[in-house]
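Engineer: A single structure is presented below for examination.
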Amino acid sequence: MRIRLSTVVAAAAALVLTGTASASGAAAGPHTATRPTIVLVHGAFADSASWSGVIERLRHRGYPVVAAANPLRGLGSDAAYVRTVINSVQGPIVLAGHSYGGAVMTNAAAGDPDVTALVYIAAFAPDKGESALELSGRFPGSTLGDTLAAVPLGDGTSDLSIRQDLFRQQFAADVPRQQASLMAVTQRPIRDAALSEGSGEPAWKRIPSWFLVAGADRNIPVAAQRWMADRAGSRATIEISRASHAVGVSNPRPVADLIVRAATAR
């Protein structure tokens, strides 16, 4: 049984909670007995608001939802933070991660008996020792490197973001122009060291996984997404042929459908 965190810690650990103001309350809500809590982990160049359309649909179906504010500082430390978020939730949990968020949840869920499913949305699913940077470069097709701007942090590392003028074509080509423009301005940078940090023991070797492949992704090569899904023994893999990397924004319904499919699997 999980130990409940205080309301203050739980509120700091999660950006979106449904049913109540605290994570423990969310777990104790009216749907707990029949539905797991869905914990969403965003990736680089995004924030928890990128899940808004997915959250709306999951809540409409009665699922409690927590959208974790991924720090984007380092794979190990990001996973440790997300682990505090899932530790604040009682009962079964389905984790869904987008992009780099997939690598984070792969580490955060390792050894956690309450996580029943992993859903990778245009996401990295690394094996032990692999990094997001390595996996992205293993297959041709990513054009991300040419669009990045770096801000030195003074410790030998840099914050990376996508140039605003290139953001839509690189990250969100199928998102309406005005919305993509706002996403470009509000994107959260990722520390470059996070993308090259090797993964720990992957949770997908023990926990069933589902994958959604974005067929027009310019960040993570489509071939890499398919290969990671096959390697992880994906229970089901769906592909949206014209979807950009921001598939959760442009296609929230099939993303939510896949998460529900994982949540209801037996």
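Under mature numbering (1 follows the signal peptide of the UniProt record, and there is no 0), read the sequence shown as residues -23 to -1, 1 to 243, first letter to last.
Glycine included, C-beta positions come from ideal geometry on N, C-alpha and C.
A quick note: this is a predicted structure, and the numbers were derived from the prediction, not measured.
Nearest CA to the CA of residue 66: which residue from 12, 55, 22?
Structural biologist: Comparing Cα positions, the closest option is 12.
Engineer: Return the Cβ separation of residue 223 and residue 148 in integer angstroms, given the expectation that the two are a contact with Cβ distance under 8 angstroms.
Structural biologist: So it is a contact: roughly 6 angstroms between Cβ atoms.
Engineer: Can you tell me whether residue 164 is buried or exposed, with buried defined as 16 or more other CB within 10 angstroms of its CB?
Structural biologist: The residue in question, residue 164, is buried, as its Cβ has 16 or more Cβ neighbours within 10 Å.
Engineer: State buried or exposed for residue 20, treating a residue as buried only when at least 16 other CB atoms are found within 10 Å of its CB.
Structural biologist: Classification of residue 20: buried, given that the 10 Å Cβ count is 16 or more.
Engineer: Could you give the first and the last residue of the continuous alpha helix (DSSP H) run that contains residue 172?
Structural biologist: Looking at the DSSP string, the run of the alpha helix (DSSP H) that includes residue 172 is 169 to 173.
Engineer: Exposed or buried, which one is residue 7 when buried takes at least 16 other CB atoms within 10 Å?
Structural biologist: Below a pLDDT of 50, predicted positions are generally treated as unreliable, and residue 7, at 32, falls in that range; no measurement from the model is reported.
Engineer: Which residues mark the beginning and the end of the beta strand (DSSP E) in which residue 129 is found?
Structural biologist: Taken as a continuous stretch (DSSP letters only), the beta strand (DSSP E) holding residue 129 covers 125 to 129.
Engineer: Cα separation between residue 238 and residue 210?
Structural biologist: Those two C-alpha atoms are separated by around 16 angstroms.
Engineer: Identify, in the order they occur along the chain, each residue of the same chain with its Cβ nearer than 6 angstroms to the Cβ of residue 202, setting aside the five sequence neighbours on each side.
Structural biologist: Here the set comprises 190.
Engineer: Could you tell me how far apart the beta carbons of residue 178 and residue 105 are, in whole angstroms, since I believe they sit closer than 8 angstroms?
Structural biologist: Right, their Cβ atoms sit about 5 angstroms apart.
Engineer: Got a sec? Which residues, its chain only, sit under 6 angstroms from residue 143 by beta carbon, not counting five neighbours each side?
Structural biologist: Closer than 6 angstroms at the Cβ level, and outside the excluded window around residue 143, lie 124.
Engineer: Once the 5 residues before and after residue 240 are set aside, which same chain residues still bring their CB inside 6 angstroms of it?
Structural biologist: Once the five neighbours on either side are set aside, the close Cβ partners of residue 240 are 13, 71.
Engineer: Looking at residue 169 and residue 134, is the spacing between their C-beta atoms short of 7 angstroms?
Structural biologist: Yes, the Cβ-Cβ distance between residue 134 and residue 169 is below 7 angstroms.
Engineer: At what residues does the beta strand (DSSP E) containing residue 30 begin and finish?
Structural biologist: Element bounds for residue 30: not the beta strand (DSSP E) but the alpha helix (DSSP H), 29 to 37.
Engineer: Apart from the five residues just before and just after residue 129, which ones in its own chain have a Cβ nearer than 7 angstroms to its Cβ?
Structural biologist: Counting only Cβ-Cβ distances below 7 angstroms, and skipping sequence neighbours, we find 135.
Engineer: Note the first and the last residue of the continuous beta strand (DSSP E) segment covering residue 99.
Structural biologist: Note, residue 99: beta strand (DSSP E), 92 to 100.
Engineer: By Cβ distance, which residues of its chain are closer than 6 angstroms to residue 118, with the 5 residues on each side in sequence left out?
Structural biologist: Here the set comprises 198.
Engineer: Between the alpha carbons of residue 230 and residue 29, how many angstroms are there, rounded?
Structural biologist: Cα-Cα distance, rounded: 11 angstroms.
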